[in-house]
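Okay, so here's the structure we're looking at.
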Ligand SMILES: [Mg+2]
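Numbering (the numbering used here), first residue to last: 574 to 779.
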């Protein structure tokens with residue numbers, strides 16, 4: 574058979590993974606909590622594993638707006654830009670990345686998206702060629718609404734085969750759309766699998 578036809582047929586079968594960024598490809602919350610919050614609040618007796626809700630503002634005795642202001646500042650900081658992805662995840666991309674198409678899908682306030690887009694392209698740009706976002710609401714900022722959340726985006730997009738995220742509601746919603754979805758374990762969810770464990774499963778079941 575013609576080589577071009579073979580390549581075309583192969584590409585038709587390539588499946589698409591939709592990746593959450595914060596607390597999946599990066600460790601934003603852990604990094605913020607341990608690098609910013611704990612040093613500036615030495616009386617805080619919590620550790621990262623105690624952050625059993627997200628946002629954790631009530632656990633930290635903060636108003637939601639104040640918590641988001643701190644987190645958004647961190648999102649745009651050099652420290653956040655210097656976060657390193659998990660080596661095991663990079664190794665997975667190097668070995669299996671080209672067998673899939675990849676889209677990053679983040680829910681963030683718009684003024685923090687360019688920083689994380691740069692971060693994703695720096696570490697994963699060989700494979701992740703599309704970065705999408707759902708603007709998170711912030712006071713006094715109007716953004717047009719195309720999708721109310723990630724699940725609506727996934728429904729509109731219509732080509733996702735796999736979805737990886739740390740938010741239980743989005744995972745449940747994606748499952749209802751028929752997308753094979755994996756919840757990454759974090760203190761605020763009941764996930765049991767780390768991202769490297771999920772990638773192992775995904776590769777075996779692809
Ligand atoms: Mg996330």
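All C-beta atoms in this analysis are idealised placements derived from N, C-alpha and C, irrespective of residue type, glycine included.
Residues of its chain near residue i, where Cβ-Cβ distance is below 6 Å and the 5 sequence neighbours each way are ignored
i: residue 753; result: 735
i: residue 673; result: 588 and 590
i: residue 661; result: 769
i: residue 642; result: none
i: residue 711; result: 682
i: residue 745; result: none
Residue i vs residue j beta-carbon contact at 7 Å
i: residue 645; j: residue 738; result: no
i: residue 747; j: residue 727; result: yes
i: residue 669; j: residue 767; result: no
i: residue 611; j: residue 617; result: yes
i: residue 666; j: residue 700; result: yes
i: residue 781; j: residue 743; result: Here the chain has residues from 574 to 779 only, and residue 781 is not among them.
i: residue 741; j: residue 713; result: no
Bridge partners - residue i, DSSP secondary structure assignment
i: residue 678; result: 705
i: residue 780; result: The question about residue 780 has no answer, for the chain in this structure spans 574 to 779.
i: residue 606; result: Bridge partners of residue 606: none, in fact.
i: residue 736; result: 591 and 754
i: residue 766; result: 757
For residue j and residue i, believed in contact at Cβ under 8 Å, the rounded distance
i: residue 709; j: residue 682; result: 5 Å
i: residue 696; j: residue 663; result: 7 Å
Own chain partners of residue i with C-beta closer than 7 Å, once the 5 adjacent residues on each side are dropped
i: residue 621; result: 603, 606, 607 and 760
i: residue 630; result: 636, 637 and 640
i: residue 765; result: 758
i: residue 732; result: 589
i: residue 647; result: 605, 609 and 653
i: residue 619; result: 632
i: residue 685; result: 645, 648 and 649
i: residue 626; result: 632 and 761
Cβ neighbours of residue i in the same chain (closer than 8 Å, five flanking residues each side left out)
i: residue 634; result: none
i: residue 774; result: 755 and 766
Taking 8 Å as the cut-off, does the segment 694-711 touch the segment 673-684 (at least 3 CB pairs, one atom from each stretch)? Under the 8 Å Cβ criterion, the segment 673-684 counts as touching the segment 694-711, having at least three qualifying pairs.
Contact between the segment 607-619 and the segment 685-694 (3+ Cβ pairs under 8 Å): no
Count the C-beta pairs between the segment 592-602 and the segment 651-663 that are closer than 8 Å, then say yes if the count reaches three, no if not. yes
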